[in-house]
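I have placed the structure first, in the form of structure tokens, so that the comments after it can refer back to it.
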Amino acid sequence: MRSWSDWVFLILRNLLLYVALTVGSLVVLMPLFWMLLTAFKEQGTALKNEFLPELRRTTGPAALAPGEIAGAFQAHTFFHTAPGAERVTVAGTFNGWNAGAEALTTTGGGVFQKTLRLPVGKHEYKFVVDGQWMDGPNQALDIPPSADRTEYEGGRVRFVYQDPAAIAVTALVDDKEIPLVKDAESRWSAEMLAAGGGNVTYRFSVRNSFWAGLKSIYTLGNFAAIAGSPDFPFGRFFINSMVVGTVSGLLTVILCTLAGYVFAVKDFLWKDKLFYLLLSVMMVPGMIFFVPQFALVNIIGKMPLFGTTLQEMRIFGINTYLGMIVPHLANVFGIFLMRQYIETIPHSLFEAARMDGANEYHELTKIVIPLSMPIMVTLFLLTFLGQWSNFLWQLVVNTPDSALRTLPVGLALFKGQYLTQWELQMAGACFSIVPVAVLFVFAQRYFIEGMTQGAVKG
């Protein structure tokens, strides 16, 4: 019979355990939640800590002089890379194509930049490097209008605020509150007389609709942009990843099953020494083999065959499927996993099969493969997942113009020199986890059984 102190200790222990598990789960799942939310956010808002719409917010103070229109000009930063250049300027419709009017300042490394306040609307521009206009067509630029479009003219201030998600807008001027009225174009407006004709300082208090505000934060457009972008052939990247992951998984399972069967069942000279030698390779970091593997792929790909090379025939080498797959088939962990699992199969089964006249092929197909199916599926899933998310090797073994780039390499296209399109990158990442999630859902029984029974001798 437990005392009350024992019950208190047990309850506190379980409570602390549940709290620790909950906190740990949230920490582990936090990147996944961020990825999912970012994939649905409007472009340009990924790094803003805004996940739920504010029901009421107040804009920053704005000052307007007589004759001015708020939001008529917006800041835009121009970037240009010109290593070795001494002077870079930007000219366009906003400055009458004056090649020397706006000089960019260098930030080092051949990078030049300058921030200009440009009128709202569409513009065209070109960079001029050391007095020479850049080749190619004019670059296009669209400056969007701001929500605040207040006008100050003739001694009257006409407050204008554009926000489809707002359900009430109030202009705050000194100690006055001026309610704005909404028109058919979701534009809120009101007028007031400006006392003294001087500058007017004001703010807006905006009350938002929750659902409309939610729509202003989240969108499905990122997924449509990924699927339909001509610069991002998602279908081709997806097929390449499927081919590399599936073929790598199947070949690895075949090779590791055969090797594991030999090390587990057969007796030959130096069997244990050879097995431990293979295991010792697992202690060496994989990056050590990176350069030799690339050199071998490149050398073998340039070997002649029928008057041409293997690489030109798209058989092996750079920009080939086999170049991405073959270097990772020597999976020592897979051999270890299969050997340990096959050792759990009673040897009496093999002896009985041999007495009945079974050969090596029958032992493999009738005994080893059926009984080792859970660990074989597990090894396939682990290999498929590793190759599906493999970025560095697929990046190096493919040139930038290769048609065989995989999804991880393709997603890096959304990371530019000055801007990373996190929303599109996370939307693509959501697409990339779908096949892996589907595989684990349908094969979870084999996966759990393989991970709990594989590598356990008994």
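Counting from 1210, one number per residue, gives the positions in the sequence shown under this note's numbering. The beta-carbon is built from N, C-alpha and C at its ideal position, and this holds for glycine as well.
Going by CA-CA distance only, name the one from Phe1640, Val1586, Gly1444, Phe1413 that's closest to Arg1266.
In the sequence shown, counting from the first residue as 1, residue 1266 sits at position 57. The shortest Cα separation from Arg1266 among Phe1640, Val1586, Gly1444, Phe1413 belongs to Phe1413.
Sub-8 Å separation of Ile1534 and Gly1510 beta-carbons:
Locating residue 1534 in the sequence shown gives position 325, where the first residue counts as 1. Locating residue 1510 in the sequence shown gives position 301, where the first residue counts as 1. Cβ distance not < 8 Å, so Ile1534 and Gly1510 don't count as in contact.
Counting Cβ pairs, one atom from each stretch, are 3 or more of them under 8 Å apart for the stretch 1318–1336 and the stretch 1347–1354?
Put simply, the stretch 1318–1336 touches the stretch 1347–1354. At least three CB pairs are less than 8 Å apart.
Can you tell which of Thr1615, Thr1587, Val1605 has the C-alpha that lies nearest to the C-alpha of Leu1648?
Taking the sequence shown and counting its residues from 1, the one referred to as residue 1648 is at position 439. Measuring from the Cα of Leu1648, the nearest candidate turns out to be Thr1587.
Looking at the unbroken beta strand (DSSP E) that takes in Ile1387, where does it start and where does it end?
The sequence position of residue 1387 within the sequence shown is 178, counting from 1. Start and end: 1385–1388.
With distance defined between alpha-carbon atoms, name the residue in Leu1264, Ala1279, Glu1263, Pro1262 nearest to Pro1270.
Stepping through the sequence shown from its first residue, residue 1270 is reached at position 61. Selected option, being the one with the closest Cα: Ala1279.
Using CA atoms only, rank isn't needed, just tell me which of Phe1525, Phe1623, Val1232, Leu1591 is closest to Asn1431.
Against the sequence shown, residue 1431 aligns to sequence position 222. Taking only the C-alpha atoms, the option nearest Asn1431 is Phe1623.
Here's a check: name, in chain order, each residue in its chain whose Cβ is nearer than 7 Å to the Cβ of Ser1418, leaving out the five neighbours to either side.
Here residue 1418 refers to the residue found at position 209 of the sequence shown. Ala1374, Ile1376.
Best match in Ser1598, Val1618, Leu1264 for proximity to Asn1607 [C-alpha to C-alpha]:
Here residue 1607 is taken as the residue at index 398 of the sequence shown, counted from 1. Nearest option by C-alpha distance: Val1618.
Is Ser1398 helix, strand or coil by DSSP?
Reading the sequence shown from its first residue, position 189 is the one you call residue 1398. Here Ser1398 sits in strand by DSSP.
For Leu1225 and Phe1542, I'd like the C-alpha separation in whole angstroms.
If you number the sequence shown from 1, residue 1225 lands on position 16. If you number the sequence shown from 1, residue 1542 lands on position 333. So the alpha carbons of these two residues sit roughly 37 Å apart.
Pair every Cβ in the stretch 1306–1325 with every Cβ in the stretch 1275–1290, then say whether three or more of these pairs are closer than 8 Å.
yes
How should Ala1561 be labelled, buried or exposed, when 16 other C-beta atoms within 10 angstroms of its C-beta is the threshold for buried?
Translated into positions along the sequence shown, residue 1561 becomes position 352. Answer is exposed; the Cβ neighbour count stays below 16.
Write down the C-beta distance between Ala1281 and Asn1408 rounded to the nearest angstrom, noting that I regard them as a contact closer than 8 Å.
Locating residue 1281 in the sequence shown gives position 72, counting from the first residue. Locating residue 1408 in the sequence shown gives position 199, counting from the first residue. 16 Å between Cβ atoms; not a contact.
State yes or no: is the C-beta of Cys1465 within less than 8 Å of the C-beta of Asn1540?
Along the sequence shown, one-based indexing puts residue 1465 at 256. Along the sequence shown, one-based indexing puts residue 1540 at 331. Yes.
Between the Cα of Ala1308 and the Cα atoms of Thr1315, Gln1341, Val1228, Gly1330, which residue gives the shortest distance?
Counting from 1 along the sequence shown, the entry for residue 1308 is found at position 99. Ranking the options by Cα distance to Ala1308, first place goes to Gln1341.
Of the residues Arg1222, Asp1383, Leu1519, Ala1255, the one placed nearest Gln1634, counting alpha carbons only:
Walking along the sequence shown from the start, residue 1634 turns up at place 425. The option with the nearest alpha carbon to Gln1634 is Ala1255.
Taking Glu1251 and Thr1428 to be in contact with their CB atoms under 8 Å, please state how far apart those CB atoms are, rounded to whole angstroms.
By 1-based counting over the sequence shown, the position of residue 1251 is 42. By 1-based counting over the sequence shown, the position of residue 1428 is 219. About 5 Å separates the two Cβ atoms, so the contact holds.
Report buried or exposed for Val1217, applying the criterion of at least 16 other Cβ atoms within 10 angstroms of its Cβ.
Here the question's residue 1217 lines up with position 8 in the sequence shown. Per the 10 Å Cβ criterion, exposed.
Check whether Leu1389 and Tyr1370 have beta carbons under 8 Å apart
Your numbering for residue 1389 matches position 180 in the sequence shown. Your numbering for residue 1370 matches position 161 in the sequence shown. Contact: yes.
Can you name the start and end residues of the beta strand (DSSP E) that Lys1257 belongs to?
Taking the sequence shown and counting its residues from 1, the one referred to as residue 1257 is at position 48. Taken as a continuous stretch (DSSP letters only), Lys1257 belongs to no beta strand (DSSP E), as it is neither H nor E.
Backbone secondary structure at Gln1634 - three-state DSSP
Along the sequence shown, one-based indexing puts residue 1634 at 425. In the structure shown, Gln1634 sits in a helix (DSSP, three-state: H, G or I).
Does the pairing of the stretch 1498–1510 with the stretch 1579–1593 give three or more beta-carbon distances under 8 Å?
no
Gly1364 and Ala1399: beta carbons closer than 8 Å?
As a working mapping, residue 1364 is identified with position 155 in the sequence shown. As a working mapping, residue 1399 is identified with position 190 in the sequence shown. It is not a contact, given that the beta carbons lie outside the stated cut-off.
Taking C-beta to C-beta, are Arg1614 and Asn1449 nearer than 8 Å?
Locating residue 1614 in the sequence shown gives position 405, counting from the first residue. Locating residue 1449 in the sequence shown gives position 240, counting from the first residue. Yes; because the gap between Cβ atoms is below 8 Å, this pair is in contact.
Could you tell me if Leu1620 is buried or exposed, where buried requires 16 or more neighbouring beta carbons within 10 angstroms of its beta carbon?
Mapped onto the sequence shown, residue 1620 falls at position 411. It is buried - the Cβ of Leu1620 has at least 16 other Cβ atoms within 10 Å.
C-beta contact flag for Val1577 and Pro1536 at 8 Å:
Looking up residue 1577 in the sequence shown gives position 368. Looking up residue 1536 in the sequence shown gives position 327. No, the pair does not count as a contact, with Cβ atoms beyond the cut-off.
Any idea which residues DSSP pairs Thr1324 with across the strands?
As a working note, residue 1324 is residue 115 in the sequence shown. Thr1286.
Return the CA-CA distance between Tyr1361 and Lys1385, expressed in angstroms with no decimal places.
Taking the sequence shown and counting its residues from 1, the one referred to as residue 1361 is at position 152. Taking the sequence shown and counting its residues from 1, the one referred to as residue 1385 is at position 176. For Tyr1361 and Lys1385, the distance between alpha carbons rounds to 17 Å.
Figure out for me which residue from Val1329, Leu1616, Trp1631, Thr1629 has the closest Cα to the Cα of Val1643.
Taking the first residue of the sequence shown as 1, we reach residue 1643 at position 434. The option with the nearest alpha carbon to Val1643 is Leu1616.
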